[in-house]
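What follows is one structure encoded as structure tokens, with my remarks underneath.
Numbering (this note's numbering), first residue to last: 483 to 790.
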């Protein structure tokens with residue numbers, strides 16, 4: 483059977499795993515579309531995307547359009563005569579792009595659709611205390627993350643997972659699922675499952691600053707889940723003596739607390755505890771503005787004066 487001609491769209495590391503899986507498995511990736519180079523870091527040096535670096539190392543043609551509707555880009559994209567397009571962790575595509583190849587465009591999403599449609603499914607699954615998540619491949623259509631499902635794979639969320647570790651698990655499983663999806667399409671052995679329309683769907687919108695502010699009036703489990711769901715980026719935040727702190731790892735100690743108000747910070751046994759409505763939050767890893775991330779005991783050895 484003639485191999486499918488694939489154009490791959492993606493930018494961050496999450497997308498690289500799938501691109502690498504396709505290339506290493508002998509799939510015919512004819513071009514890669516990724517974000518334009520941009521300045522980053524303290525020196526504001528021009529940086530290439532992880533997907534571009536991988537594509538360069540494998541001599542794949544690279545397109546970096548600033549405008550996805552630009553006629554020159556559309557013409558160049560069409561010249562690759564793709565049978566199918568794969569898009570992972572890329573910006574929204576206009577219909578003239580996603581509807582171009584005869585077999586359409588396949589997306590990988592880091593949730594079990596229709597749950598957690600949106601930009602931050604990994605973060606919100608942990609914040610909301612989910613025990614199971616997964617990855618889904620589906621065909622793009624007009625409404626975001628609503629296209630027909632091709633394959634899904636469930637993954638457990640462990641109590642020790644944060645957004646970083648779960649990202650890596652889903653990245654690996656997603657790459658395997660995307661390869662299986664393309665193989666099924668190439669072999670004509672795939673099924674299409676319309677997404678269910680039912681109440682109770684949880685959304686996964688982009689994380690904003692207000693989502694990162696810790697509300698100490700929440701339950702201990704909710705606070706720890708928010709810290710986990712925002713670690714390592716962008717970080718759950720609070721202010722102590724006008725200094726901004728980010729907390730990256732914590733544990734909940736359930737206990738009835740009557741002698742201290744909610745939000746009270748206590749230093750005990752070289753540890754930082756914060757009172758919540760049903761116990762204490764033991765802060766295990768944190769960062770004060772202007773400082774690096776540290777374990778709590780390390781932080782207290784040099785910066786205890788910043789904690790009341």
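Positions of the beta carbon are idealized from the N, C-alpha and C atoms, including for glycine.
Keep in mind that this is a model prediction, so the values were computed, not measured.
Shown here, residue 739 sits in coil according to DSSP, grouped into three states, outside any helix or strand.
For residue 589, there is no enclosing alpha helix (DSSP H); the residue is found in the beta strand (DSSP E) stretching over 587-591. Here residue 584 is exposed. Its C-beta has fewer than 16 other C-beta atoms within 10 Å. With at least 16 other beta carbons inside 10 angstroms of its own, residue 629 counts as buried. Per DSSP, residue 502 is one residue of the alpha helix (DSSP H) stretching across 495-506. Spatial neighbours of residue 789 in its own chain (CB-CB distance under 7 Å, excluding positions within 5 residues in sequence) are listed in chain order as 722, 747, 749, 754. In this model, residue 675 and residue 631 are separated by some 5 Å (Cα to Cα). Counting along the chain, residue 520 sits inside the beta strand (DSSP E) bounded by residues 520-522. If the five residues before and after residue 567 are omitted, its C-beta is found closer than 6 Å to the C-beta atoms of 489, 583, 587, all from its own chain and listed in chain order. For residue 730, no pairing in a beta bridge is given by DSSP. Per DSSP, reduced to three states, the secondary structure at residue 784 is helical. Each residue's CA atom was taken as its position, placing residue 774 and residue 601 some 27 Å apart. Taking a C-beta distance under 8 Å as the contact criterion, residue 559 and residue 533 do not qualify as a contact pair. Annotation note: the region 549-634 contains the following uninterrupted alpha helix (DSSP H) runs of length 4 or greater, listed N- to C-terminal: 553-561, 577-580, 603-609.
The shortest CA-to-CA distance from residue 684 to any of 783, 595, 548, 759 is the one to 595.
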